[in-house]
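This report concerns only the one structure given below.
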Amino acid sequence: MALLDDVKSELAAIDNETSAAKKAQAAAMIRFGGGLHLIQKHIVVEAQFDSLDAAKWLQDTIKDVFGHESDLIQVSRQTPNGTVQRYSVRVLRAGGALALQTGLIDRRKRPVRGLPADVVSGTPAQIKAAWRGAFLAHGELSDPGKASYLEIVCPGSEAALALVGTARRLGISVKARQVRSSERVTLRDPDAIERMLILLGAPRSAREWTGKRSDGESRGKANRLANFDDANMRRSAKAAVEASEKILKAFETLGDDVPENLRAAGQLRLDHRDASLEELGRLADPPVTKDAIAGRIRRLLLLAAKVEKQRAQNA
1 MALLDDVKSE
11 LAAIDNETSA
21 AKKAQAAAMI
31 RFGGGLHLIQ
41 KHIVVEAQFD
51 SLDAAKWLQD
61 TIKDVFGHES
71 DLIQVSRQTP
81 NGTVQRYSVR
91 VLRAGGALAL
101 QTGLIDRRKR
111 PVRGLPADVV
121 SGTPAQIKAA
131 WRGAFLAHGE
141 LSDPGKASYL
151 EIVCPGSEAA
161 LALVGTARRL
171 GISVKARQVR
181 SSERVTLRDP
191 DAIERMLILL
201 GAPRSAREWT
211 GKRSDGESRG
221 KANRLANFDD
231 ANMRRSAKAA
241 VEASEKILKA
251 FETLGDDVPE
261 NLRAAGQLRL
271 DHRDASLEEL
281 GRLADPPVTK
291 DAIAGRIRRL
301 LLLAAKVEKQ
311 RAQNA
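Each residue of the sequence shown is one higher than the last, beginning at 1 in full-length UniProt numbering.
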């Protein structure tokens, strides 16, 4: 979670956007962080975040850009993993005016179920800001070393489709999917995730995420190679033991009727059971290739099998 917190803090610190981009980000944060509620025929705007920096950004923007006061409330929630702190931004008196200014309700006072039309069809800066707002509200990012994903939990299918369409305008392909009755938009390609983080305005976190992911992949590769080497060693040891047993049986079968070169090769295997064929070849007198050692052991076993078969036929 530490890296995710860093990403959201970096995004919430951006303060050089245009008024239109700030409005797009605020609209997305409200839409994905909670939305609009009707209380005694009055519209109340409320959005909840896991990042205090994100909540403060929205509160400041509601005041500086839209001209309304809001309340910032800390909420504690019990989960199986312990107490989680959430931060709620609430606009009571001017909720209706703010909803109209952000485009979350249309001129007929009907709620917009996706994102406002002027955001979806807006400039690249507005689209990036909307994605940034959605991520600040309900974004998730995989820990380095695990399966890569960047995901945003959406309030509905219309909001998910709006993110898919706007991401396409940024040149990034994302997928909408349903998980346990919740709509989600997901990126899984690591390069696309890095690019999206940079587009949203978190280049430092993008570099950190990519670096840690690469380190994790390197460790995973090293572990796989180590496991592969261990498996090869186990197979080699098993093969050496089986070969030694066959050679002992061949010596018993042939007795003194073993050609000297074949006996020497077999005895080398018995004396050096953990050695490779190449090492046995170097130990031979005179040294020979591993193919020569393998060939002599093979001929020894074939000769013993032939003699054993003849004896069985004569019995």
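The C-beta atom is built at its ideal place from N, Cα and C for all residues, glycine as well.
Between the alpha carbons of residue i and residue j, how many angstroms are there, rounded?
i	j	result
A239	A312	27 Å
C154	A160	6 Å
T123	L187	22 Å
E46	G33	8 Å
A162	I127	10 Å
A176	A130	17 Å
Q59	A13	13 Å
A304	A147	55 Å
L270	E279	13 Å
A292	G281	8 Å
D189	L170	15 Å
D274	G145	36 Å
T18	T61	12 Å
D143	L3	8 Å
Q78	V84	6 Å
E208	H272	50 Å
L104	K23	11 Å
R235	S276	12 Å
G211	R296	53 Å
K8	L197	10 Å
Y87	L36	16 Å
K56	D6	15 Å
D64	S173	34 Å
I193	T166	15 Å
S121	G82	42 Å
R90	T102	15 Å
P111	F49	21 Å
E308	S244	18 Å
D285	Q310	32 Å
What residue does the alpha helix (DSSP H) around residue i start on, and which one ends it?
i	result
V7	2-12
V164	157-169
I39	Premise fails: I39 lies in the beta strand (DSSP E), 34-39, not in any alpha helix (DSSP H).
D271	260-271
I193	190-200
G295	290-314
A117	117-120
E279	277-283
So, is residue i buried or exposed, given that buried needs 16 or more other C-beta atoms within 10 angstroms?
i	result
L300	buried
Q25	buried
S70	buried
L115	buried
L38	exposed
L283	exposed
G139	buried
K109	exposed
R184	buried
E10	buried
R107	exposed
V75	exposed
residue 320	Because the chain here runs from 1 to 315, residue 320 falls outside it and cannot be looked at.
S51	buried
V241	exposed
N314	exposed
V179	exposed
L262	buried
E151	buried
residue 336	Missing from the structure shown is residue 336; the chain here goes from 1 to 315 and no further.
Between which two residues does the beta strand (DSSP E) carrying residue i extend?
i	result
R90	82-91
E46	42-49
E140	139-141
DSSP beta-bridge partners for residue i?
i	result
A55	In DSSP, A55 forms no bridge with anything.
R77	V84
R184	V153, R177
I105	P111
L72	V89
Contact between the segment 199-207 and the segment 123-138 is defined here as three or more beta-carbon pairs at a separation below 8 Å; is this criterion met?
yes
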